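K.L.:
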Amino acid sequence: MTSARLISAITAIAICLLALVFLVWPNDDSGKLESKKINSSPLQLPMTSSQPLISKKEIQKGPETDPLEQSRDLRALFEANKNAKDTEHALLAYRAWHTCMPNLFGARAALWQQNMSRLADDSPQKIAYQRMRTRCQHFADIDNDTLKRQQQELAGRWLHGDAKTTGESASRLMQTGDYKAAMEIARVAFNSHRPQDLASLSGFAYTYLKDQIGNDEDEMQAQSYRAKAFTIAACQTGMACSQDSLRATEHCMYSGQCEGSLIDHYLQSLASDRERQQLMAQSKKIIATMQSNADLESLLAP
Numbered sequence: 001m002t003s004a005r006l007i008s009a010i011t012a013i014a015i016c017l018l019a020l021v022f023l024v025w026p027n028d029d030s031g032k033l034e035s036k037k038i039n040s041s042p043l044q045l046p047m048t049s050s051q052p053l054i055s056k057k058e059i060q061k062g063p064e065t066d067p068l069e070q071s072r073d074l075r076a077l078f079e080a081n082k083n084a085k086d087t088e089h090a091l092l093a094y095r096a097w098h099t100c101m102p103n104l105f106g107a108r109a110a111l112w113q114q115n116m117s118r119l120a121d122d123s124p125q126k127i128a129y130q131r132m133r134t135r136c137q138h139f140a141d142i143d144n145d146t147l148k149r150q151q152q153e154l155a156g157r158w159l160h161g162d163a164k165t166t167g168e169s170a171s172r173l174m175q176t177g178d179y180k181a182a183m184e185i186a187r188v189a190f191n192s193h194r195p196q197d198l199a200s201l202s203g204f205a206y207t208y209l210k211d212q213i214g215n216d217e218d219e220m221q222a223q224s225y226r227a228k229a230f231t232i233a234a235c236q237t238g239m240a241c242s243q244d245s246l247r248a249t250e251h252c253m254y255s256g257q258c259e260g261s262l263i264d265h266y267l268q269s270l271a272s273d274r275e276r277q278q279l280m281a282q283s284k285k286i287i288a289t290m291q292s293n294a295d296l297e298s299l300l301a302p
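Quick note, the sequence shown lines up with residues 1 to 302 if you use the UniProt record's numbering.
1. At what residues does the alpha helix (DSSP H) containing Leu-279 begin and finish?
2. What does the Cβ neighbour count give for Asn-27, buried or exposed, with the cut at 16 atoms within 10 Å?
3. Just verifying my parser: in three-state terms, what is the DSSP assignment at Ala-19?
4. With distances taken from CA atoms, which of Cys-100, Leu-299, Gln-221 is nearest Phe-230?
5. Ignore the nearest five residues each way along the sequence and tell me which others in Lys-148's own chain have a CB closer than 7 Å to its CB.
6. Taking the CB atoms as reference points, tell me whether Ser-283 and Ala-233 lie closer together than 8 Å.
7. Taking only three categories from DSSP, how would you classify Phe-105?
8. Assign Arg-157 to one of two classes, buried (16 or more other C-beta atoms within 10 Å of its C-beta) or exposed (fewer than that).
9. Three-state secondary structure (DSSP) at His-193?
10. What span of residues does the alpha helix (DSSP H) with Phe-139 cover, start to end?
11. Taking 6 Å as the limit between beta carbons, can you name the residues of its chain near Arg-75, skipping five residues before and five after?
12. Starting from Gly-167 and walking both ways along the alpha helix (DSSP H), at which residues does that stretch end?
13. With DSSP as the reference, label Pro-124 as helix, strand or coil.
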């Protein structure tokens, strides 16, 4: 097996184990991070002038103040919020923990160190990894017993609902068949006009579309851009998505797509201009629907 294939296989296993251990990733992109082969060569993807990358001017500098983005010490942020009784601060602790554990520190850290050691020092993906480790470095001080206990407590809080995003809560209700309650929560998130709530609806939209489409995998693949567009819309309405943002840095580390903003990463992951145009058009449709106070359900209709 070649070195590149070995690294790719190890990376895929790591991401699969992460999903199994922690159940969900609270963020965007249908609850999943795309696994890409790690290599030190520049990422080459088809991109033509008919659909350029989004310009910096199109990323609106909105009022979002995400403590995770602002913090340079995610362990300190976690400790300050881990015993919070309200959902907002409990979710902060959960996000801080899972940004760092277990891939940067914890059970999978050695595997990721091995993966990254194969990259050139000036590889954007390795640089992103090192930046993430710097923000998470104080998690290295947690002993194994405390780590296990804390992980069990966090898992319990997530299952209880104390550390779910609004989109995750709506998705879970949809999966249990409570369509009315799911749509009610999703509408509240959509009508809040908060970028983070909007981004959290990406996973809900994927679940909703899956429920409508059923087992037609080809059709689901063709329609998945409609869910991803919620993250794009969140970036365009104030969520921190610039190249040096935590979200873009983290996505670069996991996907190997590192050029430009998080929106650029999403566009680079698509194979054709047509797909890129669909994604951006759907994002504009989401924003227009939100600004006109139209109903979320009409936006998700086939």
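Even glycine gets a Cβ: it sits at the ideal position worked out from N, Cα and C. Computed from a predicted model, the values in this text were never measured in an experiment.
P.N.:
On the basis of the coordinates in this document:
1. Annotation for Leu-279: the continuous alpha helix (DSSP H) segment containing it runs 273 to 291.
2. Model confidence at Asn-27 stands at a pLDDT of 38, short of 50, so the residue's coordinates are unreliable and nothing is read from them.
3. With a pLDDT of 35 at Ala-19, under the threshold of 50, the modelled position of that residue is not reliable, and no figure is offered here.
4. When each option's Cα is compared against that of Phe-230, the closest is Leu-299.
5. No residues qualify anywhere along the chain.
6. yes
7. coil
8. buried
9. Three-state result, His-193: coil.
10. Element bounds for Phe-139: n/a, residue is neither H nor E.
11. His-138, Phe-139
12. 166 to 175
13. DSSP places Pro-124 in helix when its eight states are reduced to three.
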